[in-house]
Amino acid sequence: MPRLRAACEASFGENLLGAYAHGSLALGGFRWEASDIDLLVVVCAPPALENKMSFVRALLALEADCPPKGLEMSVVLAEACAHPGHPAPFELHGSPMHWPRFRGDLAGACAAMRGEDPDLAAHFAVAREAGIALCGPAARMVFAPVPREMVFASVWQDVASARESIHSDPVYTILNLCRTLAFARDGRMRSKAAGGAWGEENVPEFAPLIRAARRAYEGGEPFAADGAACAAFVEAMLGRIEREWEEKNGAH
């Protein structure tokens, strides 16, 4: 974390407002083998191309010291954090899937990697609730409350592809569906580990499947589950999430 902070400060200088870890590092349940590092870098004004390039160079130099799942970061304006929207704008974004593009054409990728991200509303909500400041003011002074309907739209977008992701990443999908149902019910953001614990208690008919996913995520145990059972879980949870949200809040 000190090296990440130093990279932020060296790259953005006085334009830097703060840098905040969110995700499992902030919510709890971080495991080196199974988690990534999630970072929001908040700047006061749109950064110059050379500042973006400097930051990405620093992150690429740190890649070998990151967890196996790597680091995901977004550089966002303070204005976007103070007045959240959905999808929210970002000035720069990077993750393991993007690093090869940056390596191939750093200037071009840094110039192009700017737009809107439907995930950011949920990231802002987690940062406000539990974000860890690497530098800058406390997270609650930077990130305004995110309207609940924006957060739900953000997390729903993330689980909407569960029918496909249950085959490629079943553990993540199972735990993510659990924490999304929990959010639809009580409005609390949870880590994947906490979402799984909630799911075991509140979705008892699928408790063995959820427990297996938790053990794989938290303890590194092999995950083996029947494909039909996983598919049935996805269908049940997607329907339940929609019903839960609509009953409490109206259609999304």
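So in the UniProt record's numbering the end of the sequence shown lands on 252, straight run, no missing numbers.
For glycine and all other residues, C-beta sits at the position ideal for the given N, C-alpha and C.
Note that the coordinates shown come from a computational prediction; the quantities given were computed from them, not determined experimentally.
Under the criterion of beta carbons closer than 8 Å, A212 and A225 qualify as touching, at roughly 6 Å.
Put simply, the segment 34-45 does not touch the segment 148-159. Fewer than three CB pairs are less than 8 Å apart. By the C-beta density criterion, D119 is buried, having at least 16 other C-beta atoms within 10 angstroms. For a cut-off of 8 Å, the C-beta gap from A162 to D117 is around 19 Å, too long to register as a contact. DSSP places C135 inside the beta strand (DSSP E), whose first and last residues are 132-135. For A82 and G187, the gap between their C-alpha atoms comes out near 20 Å. In the three-state DSSP reduction, A138 falls in the coil class, being neither helix nor strand. Under the Cβ criterion (8 Å, minimum of three pairs), the segment 57-73 counts as touching the segment 87-105. The bridge partners DSSP lists for V42 are G18, V76. With a 10 Å radius around the Cβ and a threshold of 16 neighbouring Cβ atoms, G115 comes out exposed. Excluding five sequence positions before and after A229, the CB atoms of its chain that fall closer than 7 Å to its own CB belong to L209, given in chain order. In the DSSP assignment, D117 falls within the beta strand (DSSP E) that extends over 115-117.
Cβ contact annotation for P84 (same chain, cutoff 7 Å, sequence separation greater than five): A121, F124, A144, V146, M150, in chain order. Taking all protein chains shown into account, L49 has fewer than 16 neighbouring C-beta atoms within 10 Å of its C-beta and is therefore exposed. Secondary structure note for G199: its alpha helix (DSSP H) is the uninterrupted segment 192-202.
DSSP lists L71 as the beta-bridge partner residues of I37.
Exclusion of the five residues before and after A10 leaves S54, A58 as the residues of its chain whose Cβ lies within less than 8 Å of its Cβ. In this structure, the alpha-carbon of E79 lies about 22 Å from that of A7. Restricting attention to A182, N202, N15, M189, the CA atom closest to the CA of A26 is found in M189. In the three-state DSSP reduction, P2 falls in the helix class (H, G or I). With contacts defined by Cβ atoms closer than 7 Å, A19 and L134 form a contacting pair.
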